[in-house]
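2 protein chains.
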Amino acid sequence: MPDTQYDVIAIGNAIVDVMAPCSDAKIAELGMNRGGMTLVDEAEAAALYAAMGPAREISGGSAANTLAGLAALGDRCAFIGQVADDQLGAVFAHDIRAGGIDFAVEARAGEPSTARCLIFVSPDGQRTMNTFLGASQFLPAGSIDEGAIAAAKVLYLEGYLWDPAEPRAAMRRAIDAAKAAGRQVAFTLSDGFVIARHGDDFRALIAAGMIDILFANEAELAAMTGESDFEAGVSALAPQVPVLVVTRGEHGAVALAGGERAQVAAEPVAKVVDTTGAGDLFAAGFLHGHVRGWGLASALRTGAIAAAEVIGHYGARTEADLKALVAAKLG
Amino acid sequence: MPDTQYDVIAIGNAIVDVMAPCSDAKIAELGMNRGGMTLVDEAEAAALYAAMGPAREISGGSAANTLAGLAALGDRCAFIGQVADDQLGAVFAHDIRAGGIDFAVEARAGEPSTARCLIFVSPDGQRTMNTFLGASQFLPAGSIDEGAIAAAKVLYLEGYLWDPAEPRAAMRRAIDAAKAAGRQVAFTLSDGFVIARHGDDFRALIAAGMIDILFANEAELAAMTGESDFEAGVSALAPQVPVLVVTRGEHGAVALAGGERAQVAAEPVAKVVDTTGAGDLFAAGFLHGHVRGWGLASALRTGAIAAAEVIGHYGARTEADLKALVAAKLG
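In the order they appear, the protein sequences are chains S and E. Just so we're aligned, residue 1 is where the first sequence starts under my numbering, counting upward by one. Just so we're aligned, residue 1001 is where the second sequence starts under my numbering, counting upward by one.
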C-alpha cells in the first residue's frame, strides 16, 4: 500500500452552530424535542432564531467536529462539505482550515445560505438542535476528489448527510473510491431519523462489507437492530462490522472488534456546560487511536477524554490543547 | 421631569467579535501591539483572519457590551449603531434585541460589511484587538431619535465612535438632545488613540458641561490630563466632571463625585480567560447603580462584579445571570 497523504478524510455537513442557553420550560414552549435534532426550513429557522436568547456562533457539523479533534491530536485530515458564498460560509471555511485541515470544495454561489444549527442549551448541558441545512445539502458528487480519498487511511462519513440526495451520491462515490484503494470506511449513524429513512441502505452497505468502523449511540443501536436491550443490540450488530463503537453518554462506551470487547467509563467533568459535540469528539479520539494502531481500550479512553473536554464549554470544537491533554491522561 | 422610557440609551459601534486564543510569540510575529486596539482596513482584516486560529463569533462593540450588561441587570435600554445588511449584521441585531434592548436603526445596504473585531486572546487572558469598522462608521446623524434620547435617564457614548465623522455628528446631535431634555450624558474615553486625535473635542465638551459621567482607564486618564502620576491625573480631571470613574484593571477602580471619593478592589476571578469587555461591563455595573441612585461604593462594587464575570470566559457579553450574581454578592 502506498504512503498515505491523510490519516482521515471526512465528508459531512458544513454547519455553523448558533448557541444560546435556554430553560427547559422555554424549550417545551417552543415545541422542541429536548435533546433531539430537528431539520427546519429557512422560515422555521428564522422564527426559532427570533425566539432565541443572545447567542454565539461556533463552527460545527458532526464530521467536521470530529476532524477538528483529530487535527488537534496531530492527525493529517481533509474535509469535504459544502458552504455557500456568504459570511457564515467564510467563517466555517476559516475555522476548518485554521485547524490545519485541507478543505478544497468551493463555496456555492446564490441561495440557499450556509447551513446553521440553532442549539438551545439546557441548564444541565443537554443540547436541543434545529438544523437548517442550506447549502450543505447540495454537495455535488463532483466534489469528491477520488485521489485524496485513495490517499487517506480512513474515509469518515456522517449519517446526517445520507439524507439529502446529492451528498448521498457523493458519499457512495467516495465509498467506492476508498474500497477500490483498499482503505477503511468509518460511518457514524448520527440520528434515529436517519436510520428510520435510510436504515436499509446502511444494512446493505454493511452486508456488502463497505463499512469497516461503525459508530452508534444507544438509541441508534436500537434503531438499527430493532433490539431495545443494549446487549441484544450489540450482539446483533457486532458480528456484522469489523469494528463497532457504541457510546452511552454518561455511562461511557463500548467497542468490539475481531471478537475482542473493551469498554471505558465516561471521563469525569467538573461541570457539563454543553453536550454538543460529545459524540463527535468521542469518534475523534477513537479514530486517533485506531489509525495509530492502538488497542481498543486506549482508543476508547482517548475518545472519552476528548468528549469530556468538549462538554465542559460551549461549542463542539475543543478549546484545550487536546494533544497535551491526552498525553497527560494516557501517560 | 417626565417619566423615562429608558434607563440608558447608548450610541456605539455595532461589531461582531471574532476571537481565538493565540500565543504571545504569534502576536509579536504578526506585528500586533499586545493589549492594544488597532484599526485595520478590510484587506488587513482578511490577512489577520487568515493567520488566526479557529475562532468563535460573539457580538461585541464597547457601548453595546455595556448595554447588554445593563439589560441583564434589569435596566431598560436602547442602542443606536450601524450594521450592514449581511449575516454578521443580523447576528449583531439578533443578539442585542434578544437581550431585551430596543434597536431601531435599519441595516445599511451594500458595502462595507458589518464591523468585525479580530481578537487574539493571550494565555493570560489579555486581548489584542484589530477592528475593521465597516458599516459601523457610517451611522448617520439622521439615525438619532431625539425623542428616545429625551426619554432616557442617561445617554451613554463610546469614544471609539467619535473618530469617524458621521457618527461624531450623530453623537453631537444626541448630546444636544439629551441636555435639552435635562438628561445626563455619560462618556467613555475608549482608547488613547481616540484622545490623541480628539482630546480637544472632549476637553471642550467637558468645559461646556456636556459630560456628566466620564469613564477612563489609567492610560486614558494620563492621555487626557498629561499627568503620568495617577493621583495627579485624578486631581486634575475630577473637578471638571460631576462624576469621574477610573478603572485600574487588577487594581480595582476609583470614583469621584461631588467631593466624595470611593474605591473598590478588583473582584477575585478563578481564572482570567479573556479580558475583552472588562471595562465595558465595569461601566454597566457602575451605571446600573448610578441610575438607581446607589452610592458610589455600591455602584463601583457592581461594576467590579460584572467585570469579573465577563473575564472568566470568552466574549464581552456576560454568560451568567448577572442580576442574581449581583444580588447575591451585594447582599
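Cβ coordinates follow ideal geometry from the N, Cα and C atoms, glycine included.
May I have the straight-line CA-CA distance separating E:Met1210 from E:Ala1327, to the nearest angstrom?
-> Looking up residue 1210 of chain E in the second sequence gives position 210. Looking up residue 1327 of chain E in the second sequence gives position 327. Between E:Met1210 and E:Ala1327, the C-alpha separation is close to 33 Å.
When we look at the beta-carbon of E:Asn1033 and count the other beta-carbons within 10 Å, is it buried (16 or more) or exposed?
-> Here residue 1033 of chain E refers to the residue found at position 33 when the second sequence is read from its first residue. Counting other Cβ atoms within 10 Å of its Cβ, E:Asn1033 stays below 16 and is therefore classed as exposed.
Counted within 10 angstroms of its Cβ, other Cβ atoms place E:His1251 as buried (16 or more) or exposed | Locating residue 1251 of chain E in the second sequence gives position 251, where the first residue counts as 1. So E:His1251 counts as exposed.
Are the Cβ atoms of E:Thr1004 and E:Ala1151 separated by less than 7 Å?
-> The residue given as residue 1004 of chain E occupies position 4 in the second sequence. The residue given as residue 1151 of chain E occupies position 151 in the second sequence. The answer is yes: Cβ separation under 7 Å.
Who are the Cβ neighbours of E:Asp1086 in its own chain at under 6 Å, not counting the five residues just before and after it?
-> Walking along the second sequence from the start, residue 1086 of chain E turns up at place 86. Cβ within range, chain order: Ser1113 and Thr1114.
Could you pull the start and end residues of the beta strand (DSSP E) that S:Arg56 belongs to?
-> Residue numbering aside, residue 56 of chain S sits at position 56 when the first sequence is read from its first letter. Its beta strand (DSSP E) spans residues Arg56 to Ser59.
Near-chain E residues of the stretch 301–326 of chain S - C-beta to any C-beta below 7 Å | Contact annotation: in the stretch 301–326 of chain S, residues whose CB is within less than 7 Å of a CB in chain E are Gly315 and Arg317.
Enumerated in chain order, which unbroken segments of the alpha helix (DSSP H) with a length of 4 residues or greater are wholly contained in the stretch 1010–1048 of chain E?
-> The stretch 1010–1048 of chain E contains these whole alpha helix (DSSP H) runs: 1024–1029.
Interface residues of chain E facing S:Ile58 [CB-CB closer than 7 Å] = Looking up residue 58 of chain S in the first sequence gives position 58. Going along chain E in sequence order, the residues near S:Ile58 (Cβ under 7 Å) are Arg1056.
Chain E residues whose Cβ lies nearer than 9 Å to that of S:Met129 = As a first step, residue 129 of chain S is located in the first sequence; it is residue number 129 there, counting from the start. Here the premise fails: no neighbours, minimum Cβ distance about 18 Å.
Burial state of S:Asp274 (16 or more Cβ within 10 Å) | Against the first sequence, residue 274 of chain S aligns to sequence position 274. Its Cβ being crowded by 16 or more others within 10 Å, S:Asp274 is buried.
Compute the beta-carbon to beta-carbon distance between S:Phe215 and S:Leu189, rounded to the nearest angstrom, for a pair I have assumed lies under 8 Å.
-> Within the first sequence, the letter at position 215 stands for residue 215 of chain S. Within the first sequence, the letter at position 189 stands for residue 189 of chain S. With a Cβ gap of about 7 Å, S:Phe215 and S:Leu189 count as contacting.
Quick one: which chain E residues come within Cβ less than 7 Å of S:Tyr49?
-> Looking up residue 49 of chain S in the first sequence gives position 49. Chain E residues near S:Tyr49: His1094.
Under a three-way DSSP split, which group does E:Tyr1156 fall into?
-> Stepping through the second sequence from its first residue, residue 1156 of chain E is reached at position 156. Three-state result, E:Tyr1156: strand.
Contacts around S:Glu44, its chain only, beta-carbon distance under 6 Å, and the 5 residues preceding and following it disregarded = For the purposes of this step, residue 44 of chain S is taken as the residue at position 44 of the first sequence. Nothing meets the Cβ criterion.
Any residues in the stretch 1070–1090 of chain E with a beta carbon nearer than 8 Å to a beta carbon of chain S? Which ones, in chain order?
-> Within the stretch 1070–1090 of chain E, the residues whose Cβ lies closer than 8 Å to some Cβ of chain S are Asp1086, Gln1087 and Leu1088, listed in chain order.
Touching or not, the stretch 1095–1106 of chain E and the stretch 1237–1250 of chain E, by the rule of three or more beta carbon pairs under 8 Å?
-> Verdict: no, contact absent.
Output yes or no for whether 7 Å exceeds the beta carbon distance between E:Ala1170 and E:Ala1141.
-> As a first step, residue 1170 of chain E is located in the second sequence; it is residue number 170 there, counting from the start. As a first step, residue 1141 of chain E is located in the second sequence; it is residue number 141 there, counting from the start. In this structure, E:Ala1141 lies closer than 7 Å to E:Ala1170 by Cβ.
With a threshold of 16 other CB atoms inside 10 Å of the CB of E:Leu1330, please say whether the residue is buried or exposed.
-> Translated into positions along the second sequence, residue 1330 of chain E becomes position 330. The residue is exposed, with fewer than 16 neighbouring Cβ atoms inside 10 Å.
From S:Val83 to E:Asp1176, what distance separates their C-alpha atoms?
-> Looking up residue 83 of chain S in the first sequence gives position 83. Looking up residue 1176 of chain E in the second sequence gives position 176. Our two residues, S:Val83 and E:Asp1176, have alpha carbons roughly 47 Å apart in a direct line.
Would you call E:Arg1197 buried or exposed, if buried means 16 or more other Cβ atoms sit within 10 Å of its Cβ?
-> As a working note, residue 1197 of chain E is residue 197 in the second sequence. By the neighbour-count rule (16 or more Cβ atoms within 10 Å), E:Arg1197 is not buried but exposed.
From the DSSP output, in three-state form, read off S:Thr114 for me.
-> On the first sequence, position 114 is the one that residue 114 of chain S refers to. Three-state DSSP puts S:Thr114 in coil, outside helix and strand.
State whether the stretch 119–130 of chain S contacts the stretch 148–166 of chain S, with contact taken as three or more CB pairs (one from each stretch) at a distance under 8 Å.
-> In this structure the stretch 119–130 of chain S does not lie against the stretch 148–166 of chain S, because fewer than three pairs of beta carbons, one per stretch, are closer than 8 Å.
Can you name the residues of chain S whose CB is closer than 8 Å to the CB of E:Met1052?
-> Within the second sequence, numbered from 1, the residue matching residue 1052 of chain E stands at position 52. Correct list: His94 and Ala98.
In this structure, does DSSP put E:Gln1263 in helix, strand or coil?
-> Counting from one through the second sequence, the residue named residue 1263 of chain E turns up at place 263. Of the three classes helix, strand and coil, the one that applies to E:Gln1263 here is strand, per DSSP.
Rounded to a whole number of angstroms, what is the C-alpha to C-alpha distance between S:Ala63 and S:Leu155?
-> For the purposes of this step, residue 63 of chain S is taken as residue 63 along the first sequence, with counting starting at 1. For the purposes of this step, residue 155 of chain S is taken as residue 155 along the first sequence, with counting starting at 1. When rounded, the separation of the alpha-carbon atoms in S:Ala63 and S:Leu155 is 11 Å.
For S:Leu322, which of helix, strand or coil comes out of DSSP?
-> Walking along the first sequence from the start, residue 322 of chain S turns up at place 322. Correct three-state label for S:Leu322: helix.
By how many angstroms is the C-alpha of E:Ile1144 removed from the C-alpha of E:Pro1002?
-> To locate residue 1002 of chain E, count along the second sequence from 1; it is residue 2. To locate residue 1144 of chain E, count along the second sequence from 1; it is residue 144. Since pLDDT at E:Pro1002 reaches only 48, below the 50 mark, its modelled position is unreliable, and the value read off the structure follows with that caveat. Taking the straight line joining both Cα atoms gives about 20 Å.
For E:Val1264 and E:Ala1278, believed in contact at Cβ under 8 Å, the rounded distance = Sequence index remark: in the second sequence, residue 1278 of chain E carries index 278 (1-based). Sequence index remark: in the second sequence, residue 1264 of chain E carries index 264 (1-based). At roughly 14 Å, the Cβ-Cβ gap does not stay under 8 Å, so E:Ala1278 and E:Val1264 are not in contact.
Option in E:Arg1172, E:Leu1048 and E:His1290 with minimal Cα separation from E:Ile1206 = By one-based count along the second sequence, residue 1206 of chain E stands at place 206. Cα-wise, what sits closest to E:Ile1206 is E:Arg1172.
Does the stretch 38–53 of chain S touch the stretch 1037–1056 of chain E, meaning 3 or more C-beta pairs lie closer than 8 Å?
-> Taking a cut-off of 8 Å for Cβ pairs, the stretch 1037–1056 of chain E and the stretch 38–53 of chain S do not touch, as fewer than three such pairs fall below it.
Distance, S:Ala299 Cα to S:Gly285 Cα = Translated into positions along the first sequence, residue 285 of chain S becomes position 285. Translated into positions along the first sequence, residue 299 of chain S becomes position 299. One C-alpha to the other measures close to 6 Å.
Using CA coordinates, which residue listed in S:Ala55, S:Gly159 and S:Gly315 is at the minimum distance from S:Met224?
-> Here the question's residue 224 of chain S lines up with position 224 in the first sequence. S:Met224 has its Cα closest to that of S:Gly159, out of S:Ala55, S:Gly159 and S:Gly315.
State the Cα-Cα distance for the pair E:Ile1027 and E:Met1129, rounded to the nearest angstrom.
-> As a working mapping, residue 1027 of chain E is identified with position 27 in the second sequence. As a working mapping, residue 1129 of chain E is identified with position 129 in the second sequence. E:Ile1027 and E:Met1129: Cα-Cα distance of roughly 11 Å.
Tell me the start and end of each unbroken beta strand (DSSP E) in the stretch 1191–1218 of chain E that is at least 3 residues and wholly inside, in chain order.
-> Qualifying beta strand (DSSP E) stretches, in chain order: 1213–1217.
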